[in-house]
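In full-length UniProt numbering, the protein residues as written are 1 to 190.
Think of the CB as a built atom: it goes at the ideal place given N, C-alpha and C, for glycine as much as any other residue.
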């Protein structure tokens, strides 16, 4: 394993300007490769270091979200599937705030593109969506790049404590308003 890591690091250091470009491209097309965003961020931290890895990961995640926005405009069937998945996971009238999306992106097993879709539901215009994507991707890029080498070394109690703290943060940052449709409030009883 150490030999493979040494080989990858040597390739990155000798790749010059092409290595960051390929890494950002990997982040962008990872949507089609079914590679978790957290895994690519961790690899960026190991390969490029804290500051460049964070910058490259944030740029790649933003470009990937922009591609996702464009693809959902072209594929209404995918939009309807994501809408039903969002309703199943978060409820029919629940809209996640940008803070909740940012915190949920720190939890590795929460679906990244479902959270991107929740962001898209909140910010309909492209400019707002890009700004929201940037703000919600930055904590993920920083944390996974910074702790990339240490995540695999966490003990089970430490990992559970981190998940508990993140769960409490999601609850605290929730939107405190619920919308109930008129027809749902006054359902007919037959």
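message: Given this structure, state the Cα-to-Cα distance separating residue 29 from residue 64, to the nearest angstrom.
response: One-based indexing of the chain shown puts residue 29 at position 29. One-based indexing of the chain shown puts residue 64 at position 64. So the alpha carbons of these two residues sit roughly 7 Å apart.
field: Contact between the stretch 35-44 and the stretch 73-91 (3+ Cβ pairs under 8 Å)
entry: no
query: Short check: CB of residue 142 to CB of residue 83, under 8 Å?
result: Residue 142 sits at position 142 when you count from the first residue of the chain shown. Residue 83 sits at position 83 when you count from the first residue of the chain shown. Their beta carbons are not under 8 Å apart, which means residue 142 does not touch residue 83 by this criterion.
message: If I measure Cβ to Cβ from residue 59 and keep anything under 7 Å in the same chain, skipping five residues before and after, which residues do I get?
response: Sequence index remark: in the chain shown, residue 59 carries index 59 (1-based). 24, listed in sequence order.
- request: May I ask you to report which of helix, strand or coil DSSP gives residue 112?
  value: Numbered from its first residue, the chain shown carries residue 112 at position 112. The answer is helix: DSSP assigns residue 112 an H, G or I state.
- prompt: Between the C-alpha atoms of residue 199 and residue 109, what's the straight-line distance to the nearest angstrom?
  reply: Nothing can be reported for residue 199, as the shown portion of the chain is limited to 1 through 190.
message: Tell me the rounded alpha-carbon separation between residue 114 and residue 171.
response: Counting from 1 along the chain shown, the entry for residue 114 is found at position 114. Counting from 1 along the chain shown, the entry for residue 171 is found at position 171. The alpha-carbon atoms of residue 114 and residue 171 are separated by roughly 18 Å.
task: Note down, in chain order, each residue of its chain lying with its Cβ closer than 8 Å to the Cβ of residue 134, except the 5 sequence neighbours on either side.
output: Your numbering for residue 134 matches position 134 in the chain shown. Closer than 8 Å at Cβ, skipping near neighbours: 58, 62.
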